[in-house]
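These notes concern the structure reproduced below.
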Amino acid sequence: MHRINWTISLALSVAPLLTMVLPLPSTYAQSPGKKLQSLVDESWEFDLNESPQLATKVGDHRANDRLDSVTIADQQRRIDKKADILQRLEAIDVKSLTADERVNYRVFARELNDLLSEHKFKSYLIPISNRWGFHIEFPELPSQVPLNTTRDFENYIARLNDFLRYTREHIVLLRSGAKEGYTLPAVILEGYGDTIDAHIVSDPTKSLFYGPLNSLPSTVPADDHARLREAAQQAIANSVVPAYKEFRSFMQAEYLPACRASIGVSALPNGREFYRHRVRQFTTLDDATPEMVHQRGLDEVKRIRGEMDEIIRRVEFEGDFAEFVAYLRDDPKFHPKTSEELLEKTAIILKRADGELPKLFGRLPRMPYGLREIPDYIAPKTSSAYYMQPSGDGTRAGFYYINTYNLPSRGLYDLEALSLHEAVPGHHLQLALQQELEGLPEFRKFGGFTAFIEGWALYSERLGFDMGFYEDPYSDFGRLSMEIWRACRLVVDTGIHYFDWSRDDAIAYMKANSAMSDHNIRSEVDRYIGWPGQALAYKTGELKIRELRAKAEAELGTKFDVRDFHDVVLGSGAVPLGVLEENVMGWIAAEKK
Numbered sequence: 082m083h084r085i086n087w088t089i090s091l092a093l094s095v096a097p098l099l100t101m102v103l104p105l106p107s108t109y110a111q112s113p114g115k116k117l118q119s120l121v122d123e124s125w126e127f128d129l130n131e132s133p134q135l136a137t138k139v140g141d142h143r144a145n146d147r148l149d150s151v152t153i154a155d156q157q158r159r160i161d162k163k164a165d166i167l168q169r170l171e172a173i174d175v176k177s178l179t180a181d182e183r184v185n186y187r188v189f190a191r192e193l194n195d196l197l198s199e200h201k202f203k204s205y206l207i208p209i210s211n212r213w214g215f216h217i218e219f220p221e222l223p224s225q226v227p228l229n230t231t232r233d234f235e236n237y238i239a240r241l242n243d244f245l246r247y248t249r250e251h252i253v254l255l256r257s258g259a260k261e262g263y264t265l266p267a268v269i270l271e272g273y274g275d276t277i278d279a280h281i282v283s284d285p286t287k288s289l290f291y292g293p294l295n296s297l298p299s300t301v302p303a304d305d306h307a308r309l310r311e312a313a314q315q316a317i318a319n320s321v322v323p324a325y326k327e328f329r330s331f332m333q334a335e336y337l338p339a340c341r342a343s344i345g346v347s348a349l350p351n352g353r354e355f356y357r358h359r360v361r362q363f364t365t366l367d368d369a370t371p372e373m374v375h376q377r378g379l380d381e382v383k384r385i386r387g388e389m390d391e392i393i394r395r396v397e398f399e400g401d402f403a404e405f406v407a408y409l410r411d412d413p414k415f416h417p418k419t420s421e422e423l424l425e426k427t428a429i430i431l432k433r434a435d436g437e438l439p440k441l442f443g444r445l446p447r448m449p450y451g452l453r454e455i456p457d458y459i460a461p462k463t464s465s466a467y468y469m470q471p472s473g474d475g476t477r478a479g480f481y482y483i484n485t486y487n488l489p490s491r492g493l494y495d496l497e498a499l500s501l502h503e504a505v506p507g508h509h510l511q512l513a514l515q516q517e518l519e520g521l522p523e524f525r526k527f528g529g530f531t532a533f534i535e536g537w538a539l540y541s542e543r544l545g546f547d548m549g550f551y552e553d554p555y556s557d558f559g560r561l562s563m564e565i566w567r568a569c570r571l572v573v574d575t576g577i578h579y580f581d582w583s584r585d586d587a588i589a590y591m592k593a594n595s596a597m598s599d600h601n602i603r604s605e606v607d608r609y610i611g612w613p614g615q616a617l618a619y620k621t622g623e624l625k626i627r628e629l630r631a632k633a634e635a636e637l638g639t640k641f642d643v644r645d646f647h648d649v650v651l652g653s654g655a656v657p658l659g660v661l662e663e664n665v666m667g668w669i670a671a672e673k674k
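Its first residue numbered 82, the sequence shown is counted upward by one per residue in the working numbering.
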């Protein structure tokens, strides 16, 4: 899973009105391509001005001392600006654009339309879930900002001081949502306090946020150390800790009692229409429907189950599918004994994968990646692993985070597939390369569509065959278990949010068709409940990439080169699946000539 915090903020700097005697720039004299570029630049600059956190993430340090503003008035002002940009975009003569410009147009227009549709359903009134949100993401601040100079630390401390205001604005959003009937399901907030209580400390020096002050770099003059440490302690004591306390009290006294008993998003105002929008948004397919996606999932589960049953026969296991899965879940030999063992085995897989990449790709990213444990404060509530992409200024690598909590629930048999998905040739290779593509607009370097991003990562698991992995049948079964998990998502997500499944229905279906541990299944089902539609992206994108590769192999025959195919797929960044298909079919046609 790639953790993306795409809560992109938007704002407008209004130029003073010009009188008729002043020369006006002639927008009519601009070519369609120039008009498009002007709108793209205007929108991106607007986003950076509105979101200090986005700016920092992409390497623009103009507002490293501030956090975003997220009031309801901000939400409306930003959507009004985006609606204005879309209106001007739609006035451009698309036929007059070059091929590359038409791709930019389609990607930009889709992002704007998705944004406007999402706003209509007021999803901004539910700005958290059981596994993401401002309170969960903020503790990652020390790893997301530069901390090399005195000014860097002053900016960092300023953001700590701003957190109380930031928290209160989120509380207002949540309170407004509760009044209007937009709340989270109560069941997924069990244990929510763990993500808050870890940051309520009596001694500021024991806070995670104080960590960077314990060992200041040599680039910070010694004369500044005492002042910075005192300022950090004051910020933690007077802003961070009170913010988490206020949020804890609000959740307990107001929000939890208002949360709904239902789990499906269809219970929200206009919920069924909202879910149909989410299906189109996360698949990037305008003709996709919940019914279609649900059936595709059932078909894929049936196909993959057949392959899993064949492996069970091959290893001569005496028992049925459920007994074999229980064997994998319960036998200690299939699980790491220590965190160190899990990290070491993961690192070995990654180094093997690194050496195989030139066989499959003509272009590789320059930026490296690292391996880290998922922090304790979020580990019990999150997935087996996730990936965080590099910073936009090139000062921070990408990182593959692996979960070392509850080791008996972490299978070694699916570790190869998991690592290929999260690091290389999956998320890191694709996202780091995207940031390095020349000529790509900034909004495309740092954005993208989940169907492509997660579809590529799932497709990458299958590339393990080309890289010498899955020689052990148990590891291959683990790969299939990872794949069927994504196929089950199509069934379970639509089941919960459109066909009125219960949480127990979803858990039972996952248990019957995957080798995931009980802990992971419950965690995953709660994720689907709290994040409607996102789980549909993985299998949808992977199936499209596999379909396009099959077409290319069939039509090109001996002329097919997998390195060229992958370079074409990745060469435009994370695009809607319709754009991807046009890119690949264009390449096939060119290769035939």
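Note that CB positions come from ideal geometry on N, CA and C, so glycine has one too.
The structure presented is a predicted model; accordingly, all values stated were derived computationally and were not measured.
For E397, no alpha helix (DSSP H) encloses it, and the DSSP letter there is neither H nor E. Around the Cβ of D607, a 10 Å sphere holds 16 or more other Cβ atoms; the residue is buried. A distance of 8 angstroms or more separates the beta carbons of C569 and V268.
With fewer than 16 other CB atoms across the displayed protein chains lying within 10 angstroms of its CB, R143 is exposed. Burial is judged here by how many other beta carbons sit within 10 angstroms of a residue's own beta carbon; G352 has at least 16 and is buried.
Assigned with DSSP and collapsed to three states, A478 falls in coil, not helix or strand. Shown here for P208: same chain residues with a beta carbon closer than 8 angstroms to its own, the five before and five after excluded, namely T88, V151, G214, F215, H251, L254, L255 in chain order.
For the pair R567 and K620, the CB atoms are nearer than the 8 angstroms cut-off.
Listed in chain order, the alpha helix (DSSP H) elements of length 4 or more contained wholly in the region 145-231 are 153-171, 180-201, 215-218. Counted as a single uninterrupted DSSP element, the alpha helix (DSSP H) harbouring G576 occupies residues 554-579. By the 16-neighbour rule on beta-carbons within 10 angstroms, V396 is exposed. Pairwise C-beta distances place the region 588-608 out of contact with the region 175-195, as fewer than three of them are shorter than 8 angstroms.
Between the C-alpha atoms of L170 and L117 there is a straight-line separation of about 7 angstroms. For M666, the enclosing alpha helix (DSSP H) begins and ends at 658-673.
Counting C-beta atoms within 10 angstroms of its own C-beta, P506 has 16 or more neighbours from the protein chains shown and is therefore classed as buried.
Remark: C-beta atoms of A589 and V573 do not approach each other more closely than 8 angstroms. Within the same chain, and ignoring the five residues on either side of F244 in sequence, the residues whose Cβ sits closer than 6 angstroms to its Cβ are S320, V321, A324. Counting other Cβ atoms within 10 Å of its Cβ, N295 stays below 16 and is therefore classed as exposed. By the Cβ-count criterion, I429 is exposed, with fewer than 16 other Cβ atoms from all chains shown falling within 10 Å of its own Cβ. Under the Cβ criterion (8 angstroms, minimum of three pairs), the region 456-469 does not count as touching the region 522-534.
Between D122 and P133, the CB-CB gap reaches or exceeds 8 angstroms. In this structure, L514 and L629 do not form a Cβ contact; the two beta carbons are roughly 18 angstroms apart against a cut-off of 8 angstroms. Within 10 angstroms of the beta-carbon of E605 lie 16 or more other beta-carbons, which makes it buried. Look at the beta carbons and you see the region 429-442 touching the region 637-650: at least three pairs across the two are nearer than 8 angstroms.
The way I'd put it, the region 495-504 does touch the region 537-555; three or more beta-carbon pairs between them come closer than 8 angstroms. Taking E221 as reference, the option from Y205, K203, L241, T230 with the minimal CA-CA separation is L241. Of the residues A631, W612, L493, A618, the one whose Cα lies closest to the Cα of K418 is L493.
A direct Cα-to-Cα measurement between T179 and K674 gives close to 21 angstroms. When beta bridges are read from the DSSP output, L452 appears opposite Y481. In the structure shown, Y468 adopts extended strand secondary structure according to DSSP, grouped into three states. T485 sits away from E523, with the two beta carbons spaced by 8 angstroms or more. The beta-carbon distance between S347 and Y579, rounded to whole angstroms, is 6 angstroms. This is short enough to meet the 8 angstroms contact definition. Across the structure, T370 and I344 are spaced so that their CA atoms are roughly 20 angstroms apart. Restricting attention to alpha helix (DSSP H) runs no shorter than 4 residues, the region 258-303 encloses them at 275-278, 292-295, ordered along the chain. Taking C-beta separations shorter than 7 angstroms and ignoring five residues to either side along the sequence, the partners of L349 in its chain run G262, Y263, F355, following chain order. For the pair F415 and L424, the CB atoms are not nearer than the 8 angstroms cut-off.
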